[in-house]
Amino acid sequence: MPAPDSEELTLTRSRTEQRLERPRLWRVLLHNDDYTPREFVVLVLQTVFHLGEAEATRLMLYVHNHGIGVVGLYTYAVAETKCAEVAAAAEKANFPLMCTIEPDEEGDMEGEPN
Ligand code: TYC
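Following this line, the structure appears as structure tokens:
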């Protein structure tokens, strides 16, 4: 078999690097509002994000007091799905509870293990 030329080597290396890169993570953000009952928010955090009751209550109160809070970091597809689940539960119960996602930019500093 002939030796691979330099272009082939470059392609092979960059593919390997891509394969070894960690997937970019997305933050799921929960937003406060004046109408969604606290117990409903806690229940959603427990069922959609699998938080224990104490952690779900702590996070609900954080969002209630600060306006917004990070529920967790996930790959894009998982973050999107969790937000859709929150939206579906809120819509079904007729509450304006809102959840959004944003890239976790600080989380992928070059050379930093995370
Ligand atoms: N502010 C709401 C209330 O007082 C509770 C609440 C907390 C709503 C967190 C949304 O993401 C939220 N009933």
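To convert a position in the sequence shown, counted from 1, into my numbering, add 116.
A virtual CB, placed ideally from N, CA and C, is assigned to each residue, including glycine.
Per DSSP, the bridge partner or partners of residue i
| i | result |
| --- | --- |
| Gly185 | Leu146 |
| Ala199 | In the sequence under discussion, the amino acid at residue 199 is Cys, which differs from the Ala named in the question. Cys199 pairs with nothing; no bridge assigned. |
| Met214 | His147 |
| Pro139 | Looking at the DSSP assignment, Pro139 forms no beta bridge with any residue, so it has no partner. |
| Pro219 | Trp142 |
| Tyr190 | Trp142 |
Check: residue i C-beta below 7 Å from any heavy atom of the ligand TYC
| i | result |
| --- | --- |
| Asp150 | yes |
| Arg143 | no |
| Val157 | yes |
| Val186 | no |
| Pro219 | no |
| Leu146 | yes |
| Arg154 | yes |
For residue j and residue i, the rounded distance between their alpha carbons
| i | j | result |
| --- | --- | --- |
| Asn210 | Val160 | 14 Å |
| Ala195 | Arg154 | 22 Å |
| Ile217 | Tyr178 | 18 Å |
| Glu171 | Leu213 | 18 Å |
| Met117 | Glu137 | Its pLDDT being 42, under 50, Met117 is placed unreliably by the model, and the measurement read from it follows with that caveat. Roughly 30 Å separates the two Cα atoms. |
| Asn148 | Met176 | 9 Å |
| Cys215 | Asn181 | 16 Å |
Sequence-distant residues of the same chain with beta carbon closer than 6 Å to residue i, five excluded per side
| i | result |
| --- | --- |
| Thr173 | Val158 |
| Thr191 | Pro139 |
Beta-carbon contacts of residue i that lie in its chain and below 7 Å, excluding the five residues immediately before and after
| i | result |
| --- | --- |
| Pro143 | Reading off the sequence, residue 143 comes out as Arg, not Pro. Only Val186, Leu189, Ile217, Glu218 and Asp220 meet the Cβ criterion. |
| Glu231 | This structure gives no information on residue 231, because the portion of the chain shown stretches from 117 to 230. |
Sequence-distant residues of its chain with Cβ nearer than 8 Å to residue i (five each side left out)
| i | result |
| --- | --- |
| Leu145 | Ile184, Gly185, Val186, Val187, Cys215, Thr216, Ile217 and Glu218 |
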